[in-house]
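Single-structure report; data block below.
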Amino acid sequence: MAFFMQKKFKEIGHFSRVHGYKGKIVISFNSEDPSILKKNSTIWIEEFGIPSPYKIKEIQSLNKDKRILSLLNLDNKKAEALKNKKVFVDTNDYNLNDDIFNKNSIDNYELYNQDNELVGLINSIIEIQHNNLVQIFIKDKEVLIPYNDKNILALDHSKKLLKLNIADGLIELYVDD
31 MAFFMQKKFK
41 EIGHFSRVHG
51 YKGKIVISFN
61 SEDPSILKKN
71 STIWIEEFGI
81 PSPYKIKEIQ
91 SLNKDKRILS
101 LLNLDNKKAE
111 ALKNKKVFVD
121 TNDYNLNDDI
131 FNKNSIDNYE
141 LYNQDNELVG
151 LINSIIEIQH
161 NNLVQIFIKD
171 KEVLIPYNDK
181 NILALDHSKK
191 LLKLNIADGL
201 IELYVDD
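Heads up, the sequence shown is in our numbering, so the first residue is 31 and it goes up one at a time.
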């Protein structure tokens, strides 16, 4: 059995863009705490169907769930090729908490708009590459609402509620006859 088949990988995010021109790249985290990554630790990126290891040379904080990484032997051309690739870690190398709340694990949460009005109960999250969607049903009609870091106003796992900034008229497009 190949060495990479013996490892247990967990996806922690993806490379969203190149940062600057010296081969630095931005990782956007899914749900793990960005502080799990440390200098000189190894991350894995699937290339041609095989997980490839990359050693972290330097980490800079960009915001709450994004970090700028400088990886060993990664120039700008190679960094461009890694854009939108998923990033994994070997679970044996990290103390990962599988019980932490994922911002996409919110089925059956109550959805509120920016005016604190109950919109409905979240049926599911539809994960697409650049903009996830919240699926709810109003008057037996499916309503899809963009769900990303820019429009999340509040997410409270203890109360099972999500508050989103919803564009005016969006819901009416789905439910008005």
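Think of the CB as a built atom: it goes at the ideal place given N, C-alpha and C, for glycine as much as any other residue.
- Within a 10 Å sphere around the beta-carbon of K54 sit 16 or more other beta-carbons, which makes this residue buried.
- In this structure, L148 keeps its C-beta atom at 8 Å or more from the C-beta atom of E157.
- With at least 16 other beta carbons inside 10 angstroms of its own, F45 counts as buried.
- When secondary structure is reduced to three states using DSSP, E88 falls in the strand class.
- Close CB contacts of K96 within its chain, under the 6 Å cut and outside five residues either way in sequence, are with V56, S58 (chain order).
- For a cut-off of 8 Å, the C-beta gap from I182 to L194 is around 6 Å, short enough to register as a contact.
- With a threshold of 16 other beta carbon atoms within 10 Å, Y177 meets it and is buried.
- Scanning K40, N143, N122, I155 for the CA closest to the CA of I136 turns up I155.
- Residue pairing of Y177 in beta bridges, as defined by DSSP: N162.
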